[in-house]
Amino acid sequence: MMNAIETADNILSGSEFPDLPGLKELIAVLKGELEFSIARRVLEKARDIYPEDIWIVQQLALCTYKDEERYPKHRFEEALTLLESIGLRDSKNRDSETLSLGGAIYKKLWEFCGQIDHLYQSLSFYRAAFETDPDRDLGYAANNAAYLLDLLAARAESLEQRNGIKTKEAQKFRKEASDLRKKSLENLLARQNDPELSKNYWFSVTIGEAYFGLADYAEAGGWLAKARDSEPEPKEWELQSTFRQWVRLAKNQGLDVPDETEEPETWHEAWRALHRLLGDETANALMCYRGKVGLALSGGGFRASFFHLGVMARLAEVDALRGVDVLSTVSGGSILGTQYYLEVQKLLEDSTKKLDRDDYLDVIEMLQKDFLQGVQSNIRLRTFNDFIDNVKMLFSKRYTRSHKLGELYESKLYSQVDDGKAYLPRKMPDLMVEPAHGRYQGKDFRPNFHNWRRRAKVPILMLNTTSLNSGHNWFFTASWMGEPPGLIDIDSNERYRRLYYWQAPEDSLRNFRLGYATAASSCVPGLFEPLVLNGLYPKRAVKLVDGGVYDNQGIQGLLAEGCTLILCSDASGQLNDSHDPADDPGGVVLRTVSVLQDRIREAQYQDLQVRLDSKALESVFFVHTRKGLAPQPLDWIGCDNPGGQTNEEHLTAYGVSKDLQEKIAGLRTDLDSFTEVEAYSLMASGYLMADRQLKDLDQRHKAEGNPGTWGDFDIHAEPQKNWEFLKLKTILAEKPGQQATKQRMDLAFQLQVGGSLFFKACYLVSGLKIAAFGAIGFLLWVMIELVAAQWNSVVFSMSVGGLIVVLLGLLAALFLPAIKWLNPKEEVRSIVIKVAIALTGYLMAKLHLLLFDRLFLKRGRLARLLSLK
1 MMNAIETADN ILSGSEFPDL PGLKELIAVL KGELEFSIAR RVLEKARDIY
51 PEDIWIVQQL ALCTYKDEER YPKHRFEEAL TLLESIGLRD SKNRDSETLS
101 LGGAIYKKLW EFCGQIDHLY QSLSFYRAAF ETDPDRDLGY AANNAAYLLD
151 LLAARAESLE QRNGIKTKEA QKFRKEASDL RKKSLENLLA RQNDPELSKN
201 YWFSVTIGEA YFGLADYAEA GGWLAKARDS EPEPKEWELQ STFRQWVRLA
251 KNQGLDVPDE TEEPETWHEA WRALHRLLGD ETANALMCYR GKVGLALSGG
301 GFRASFFHLG VMARLAEVDA LRGVDVLSTV SGGSILGTQY YLEVQKLLED
351 STKKLDRDDY LDVIEMLQKD FLQGVQSNIR LRTFNDFIDN VKMLFSKRYT
401 RSHKLGELYE SKLYSQVDDG KAYLPRKMPD LMVEPAHGRY QGKDFRPNFH
451 NWRRRAKVPI LMLNTTSLNS GHNWFFTASW MGEPPGLIDI DSNERYRRLY
501 YWQAPEDSLR NFRLGYATAA SSCVPGLFEP LVLNGLYPKR AVKLVDGGVY
551 DNQGIQGLLA EGCTLILCSD ASGQLNDSHD PADDPGGVVL RTVSVLQDRI
601 REAQYQDLQV RLDSKALESV FFVHTRKGLA PQPLDWIGCD NPGGQTNEEH
651 LTAYGVSKDL QEKIAGLRTD LDSFTEVEAY SLMASGYLMA DRQLKDLDQR
701 HKAEGNPGTW GDFDIHAEPQ KNWEFLKLKT ILAEKPGQQA TKQRMDLAFQ
751 LQVGGSLFFK ACYLVSGLKI AAFGAIGFLL WVMIELVAAQ WNSVVFSMSV
801 GGLIVVLLGL LAALFLPAIK WLNPKEEVRS IVIKVAIALT GYLMAKLHLL
851 LFDRLFLKRG RLARLLSLK
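Using the UniProt record's numbering, you'd call the opening residue of the sequence shown number 1 and step up by one each time.
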């Protein structure tokens, strides 16, 4: 028998259009399968055939606002326009379905935009829908209006607690919500014996929700049990929608979720009522109480990666990592985030694991060791370390240094994940998790629809890159790649639609390598060539660069996925203050780009704050490397109103000396080797900062009168591991100055040198510095002596002076193209020169790896620093 999607495709391709009863049956099936995009297209065609039918317009508006293939705000506004065509804003409109849909769309607009006006508009439409026709409404609009009133009451109560000023606003909202539920119940109970309604799932749920909102939990549980046994059996999405709505109601009532170890018999009666819907799976599903959790790991090279490792160590200790629904990563965050995801995938697919906090702590502990080992192989320099590959990169348009970078990620980092794949290339579709635990196992698991029953979430990995074609962000996930529907409404550029890998036209795209996707996220413009996708869109070559160009924090990916509790670790290169900015054209351009990037970062943070203030977000955790380093305002010369600068505490609030944190924040954002001291300093900073931020958020959470802890995490958990990086904690807290210990002075010196891109080994290893200067001096002396003695000699009918001029010209021809943006193949054409460049890069990489890198890493060992007295 033909399925609904095939039927819809045939209708759209010109087959005979069904009659209205057949159309209604088809749309019901498509909606049940969440195929809103196909349903929308069928309804658009139906509207041309039945232009006067109101039901078609209502369903078209519903499927339009739920069609996630399109930019959210546009689809919401288009759906409202459709409803306005059938009288949404007409004061004489008596159609409760139209009004209810208006309320639903404005509620979605509020969740997306964070504007409180949308919340009030949603409330007004829901209320009107119930008051206009309570019999037809069947309590749907009344319950939603009451829910929004509870939300407004909770918001008012939170402000009262924060400000210490009592108002009547919260009481007013609570009373209005209670009155609406009582009126709704009166109508619903009068029809409970109706045979068409008594077995209907939503009818029983609606009555139960009204009782739940009135805190009559025993009665609510009874109706929930009846709903569970309704015919036909409720679908998964119906159970999820009901459960989440009731949990949010309980949260607005100030109820805290039970601890993981508590038995259902000891739970609050509200949670016991929900237990009658899901049974033993209730405890895990109650994790939706904290909202949809998203973790963003910013760009910033390996500096960012190591900082994130420290932040994630503390998040693992408070048991936050187990509940992450979405992992959005950029550049250095993607390099680490991908390896973390592979470890978590292995964990989730292991039937012998119990999937508790300890498992995630073990993952982070393993990552700290394995990731540091991989980084210390000097991945950036190893992109030059193979002569054959160097030649290949210079002559091939399909193999660039960015591809080589991706292959090194796989061989030096991801091969360390013990998942049986070792050095085999990993494909993006291989990232689809087949969990070994829970109701939904195997290949059919879909995180967005099945995670809600799990305590250990299957995270959605989103690798952020930037499209040079359209200027949009581009994502690689385990199931699809492409650009999201859109996040701003003033953009008129083409949008490169996302596609599932199996839909790609070529095998190389259907099995796109994980290393290449990570390289695309981290190929810094000017240092690495764009990663090119050919043959994907007609007459276009998609060129991808570092995701930090568009969104260096990775926040937009979390918002696009509907995350409401944001965890953001930001180790991006922030704009530094400059006493005398460059005024040459090149310097001004670079400084201007940095200013623009910093402005984007600030605007993104302000957007989060607006969403948080309007309750569109549950909460935001945001740490960054310059936290606590804000300087005092600078007075002008001869200021007659001094700002009164005071002697500040040398420590930040999280216990790191400010001058050392300044140096940690200034470490290079590069992909070369990092010493143990550099890596552990970043980890310690991230860990201590995350701990302080969590405690501050929890303190604010309690001050606003909220139950439990912030995010329902174990905020005050003691350190669970003997983290190697915490050996630096005492040194990081020491005061600067003459009384500083040798350990403190050496740490400051190493961190200062760590801010340099070049000659770090020479700065740190005094013997190497002396040898380098001596060798350079000796060579210069020998050359000067030889040139002076032979200046007028003839070599091949050419003077030595003339020969030197020629040699300098050859050297310029050889190296200037290589220096220019590090992209020589477009600058030089000669085969000889290209081979010479490949050989030069190979030899220099070998020398650096064999000598300078070893000395640099040895000088930066943690044990050496700790041994200083």
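The beta-carbon is built from N, C-alpha and C at its ideal position, and this holds for glycine as well.
Predicted model only: the values in this text are computed from it and were never measured.
Cα-Cα separation, residue i to residue j
i	j	result
residue 241	residue 449	11 Å
residue 561	residue 761	44 Å
residue 94	residue 132	6 Å
residue 418	residue 202	47 Å
residue 305	residue 335	7 Å
residue 493	residue 541	16 Å
residue 699	residue 536	51 Å
residue 208	residue 648	58 Å
residue 370	residue 577	36 Å
residue 136	residue 184	11 Å
residue 67	residue 36	5 Å
residue 682	residue 804	48 Å
residue 139	residue 226	17 Å
residue 206	residue 237	16 Å
residue 718	residue 689	15 Å
Proximity below 8 Å, CB of residue i to CB of residue j
i	j	result
residue 670	residue 861	no
residue 567	residue 315	yes
residue 903	residue 123	Any question about residue 903 goes unanswered here, given that the chain covers just 1 to 869.
residue 466	residue 547	yes
residue 114	residue 614	yes
residue 461	residue 424	no
residue 521	residue 464	yes
residue 571	residue 307	yes
residue 374	residue 421	no
residue 638	residue 755	no
Close-in-space but distant-in-sequence residues of the same chain around residue i (CB under 6 Å, 5 per side omitted)
i	result
residue 301	332, 669, 670 and 671
residue 281	453
residue 363	343
residue 850	none
residue 598	575
residue 120	none
residue 484	560
residue 278	285
residue 725	680, 683 and 684
Beta-carbon proximity list for residue i, same chain, < 7 Å, skipping 5 on both sides
i	result
residue 433	345, 348, 349, 445 and 458
residue 360	316, 321 and 322
residue 821	Low confidence applies to residue 821: its pLDDT is 43, below 50, so where it sits in the model is not reliable enough to give any reading.
residue 757	668 and 670
residue 219	211
residue 595	575
Identified DSSP bridge partners for residue i
i	result
residue 624	570
residue 543	532
residue 460	326
residue 466	473 and 545
residue 500	480
residue 513	427
residue 565	293 and 619
residue 525	528
residue 953	Look at the range of the chain in this structure, 1 to 869, and you will see that residue 953 is not part of it.
Alpha helix (DSSP H) segment containing residue i, residue limits
i	result
residue 476	Looking at the DSSP string, residue 476 is not in any alpha helix (DSSP H); the run it does join, the beta strand (DSSP E), is 473-476.
residue 197	195-198
residue 275	269-278
residue 762	760-764
residue 691	676-703
residue 237	236-252
residue 386	Element bounds for residue 386: n/a, residue is neither H nor E.
Limits of the unbroken beta strand (DSSP E) element including residue i
i	result
residue 296	293-297
residue 482	480-482
Sequence-distant residues of the same chain with beta carbon closer than 8 Å to residue i, five excluded per side
i	result
residue 500	479 and 480
residue 325	292, 293, 294, 447, 451, 457, 459, 460, 561 and 563
residue 392	399
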